[in-house]
């Protein structure tokens, strides 16, 4: 039995409400560090091209659907934009919640993402409220199934249209290489997610599965690779005429999918003679909601055991 006064908190990166908000948004992302004007303008331009990142709206919708599924309150907090994590903590406090299961909507654990969310939440949460923070869920069977369903659909369609098996490039957001050198598990976990998803697709041979890191940063030293462009050129050299991109490091549409993938990588593949497909994002799909519900329920159940 789930104890009373228990809630779930979903944590995400956040996205600006409009391109005009990008400079302020980036100050939250960098912790107040000023970026070169050219870099700010480039990022603003990317948001302008896609109109608006739907990340916040989708995350709020995920919370609403999950709340109906679980029957317990679900709150949403963003690290870099409204509603901020502090706003969610205030809502939780006002609701007299005593136990919180916090789930970061970045299933692979990195100090550059999950670690930052955890630190912010720890600094904001009231000491009388107990928090169980889910630090990683990259290999949760229901998450793997959710990604596999999307890949199955895209890969079957691409293979049918090409008349031959099409290679897949799995992607996740890059991080500075110094992060991995310091012992961060992120690189291993992203590749583990990709491997488990690929194994679910009947007929998709391991030699057709590649992995690349996308959306490398503009500063801070070297970032993890290979890049998606490098992987596409490698497939071209091997004689492939098409590619399916599967971003398994992201749970919903936002600028790294709608711009980096749908605009930049698609254009690069086309310029190099490869037809291009990508998997649909999970967004509010029943499979993702089921994965989140199972993940939350397991930890809510543990909270019930502690209360008993």
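Residue numbers (my numbering): 3 to 310.
Don't be surprised by glycine CBs; every beta carbon is placed ideally from N, CA and C.
Are the Cβ atoms of residue 175 and residue 82 separated by less than 8 Å?
-> In the chain shown, the residue the question calls residue 175 occupies position 173. In the chain shown, the residue the question calls residue 82 occupies position 80. The answer is no: Cβ separation not under 8 Å.
Report the residue ranges of all alpha helix (DSSP H) runs contained in full by the segment 104-147; include only those spanning at least 4 residues, in chain order.
-> Fully enclosed alpha helix (DSSP H) runs of 4 or longer: 116-126.
For residue 144 and residue 116, the rounded distance between their alpha carbons | Here residue 116 refers to the residue found at position 114 of the chain shown. Here residue 144 refers to the residue found at position 142 of the chain shown. Rounded to whole angstroms, residue 116 to residue 144 spans 20 Å at the Cα level.
Flag this pair as yes or no: are the beta carbons of residue 153 and residue 78 separated by less than 8 Å?
-> Position 151 of the chain shown, counting from 1, holds the residue named residue 153. Position 76 of the chain shown, counting from 1, holds the residue named residue 78. No, the Cβ-Cβ distance between residue 153 and residue 78 is not below 8 Å.
Near residue 217, which residues of its chain fall below 7 Å by C-beta distance, leaving aside the five closest residues on each side in sequence?
-> For the purposes of this step, residue 217 is taken as residue 215 along the chain shown, with counting starting at 1. Excluding sequence neighbours, residue 217 sits near 175, 176, 258 and 262.
Who are the Cβ neighbours of residue 151 in its own chain at under 6 Å, not counting the five residues just before and after it?
-> Counted from its first residue, the chain shown places residue 151 at position 149. The residues 289, in chain order, have a CB closer than 6 Å to that of residue 151 in the same chain once the five nearest residues on each side in sequence are set aside.
Nonlocal neighbours in the same chain, by C-beta distance under 8 Å from residue 237, ignoring five residues either side = Along the chain shown, read from residue 1 onward, the residue named residue 237 stands at position 235. A distance below 8 Å between beta-carbons, with the five flanking residues on each side excluded, links residue 237 to the following residues of its chain, in chain order: 169, 171, 212, 245 and 276.
Would you identify the three-state DSSP class for residue 83, choosing helix, strand or coil?
-> Residue 83 sits at position 81 when you count from the first residue of the chain shown. In the three-state DSSP reduction, residue 83 falls in the coil class, being neither helix nor strand.
Report, in whole angstroms, the separation of the C-beta atoms of residue 242 and residue 136, which I expect to be a contact under 8 Å.
-> Translated into the one-based positions of the chain shown, residue 242 becomes position 240. Translated into the one-based positions of the chain shown, residue 136 becomes position 134. The Cβ separation is near 38 Å, so there is no contact.
Reduced DSSP category for residue 310 - H, G, I as helix; E, B as strand; rest coil | Here residue 310 is taken as the residue at index 308 of the chain shown, counted from 1. Because the pLDDT at residue 310 is just 44, under 50, the model does not fix this residue reliably, and the value given afterwards should be weighed accordingly. Three-state DSSP puts residue 310 in coil, outside helix and strand.
Evaluate residue 293 with the Cβ neighbour count: other Cβ atoms within 10 Å of its Cβ, from every protein chain shown; 16 or more gives buried, anything less gives exposed.
-> Locating residue 293 in the chain shown gives position 291, counting from the first residue. The residue is buried, with at least 16 neighbouring Cβ atoms inside 10 Å.
State the Cα-Cα distance for the pair residue 278 and residue 113, rounded to the nearest angstrom.
-> Within the chain shown, numbered from 1, the residue matching residue 278 stands at position 276. Within the chain shown, numbered from 1, the residue matching residue 113 stands at position 111. Going from the Cα of residue 278 to the Cα of residue 113 covers about 32 Å.
Could you name the residues of the same chain whose beta carbon sits closer than 6 Å to that of residue 76, not counting the 5 residues immediately before and after it, in chain order?
-> Working through the chain shown from its first residue, we reach residue 76 at position 74. Answer for residue 76: 10, 65, 68 and 69, listed in chain order.
Inter-residue Cα distance where the pair is residue 274 and residue 232 = Numbered from 1 along the chain shown, position 272 holds the residue referred to as residue 274. Numbered from 1 along the chain shown, position 230 holds the residue referred to as residue 232. Spanning the two alpha carbons is a distance of roughly 12 Å.
Do you know offhand how far residue 280's Cα is from residue 264's?
-> Looking up residue 280 in the chain shown gives position 278. Looking up residue 264 in the chain shown gives position 262. Between residue 280 and residue 264, the C-alpha separation is close to 8 Å.
Check residue 64 in the structure and name its three-state DSSP category.
-> For the purposes of this step, residue 64 is taken as the residue at position 62 of the chain shown. DSSP places residue 64 in helix when its eight states are reduced to three.
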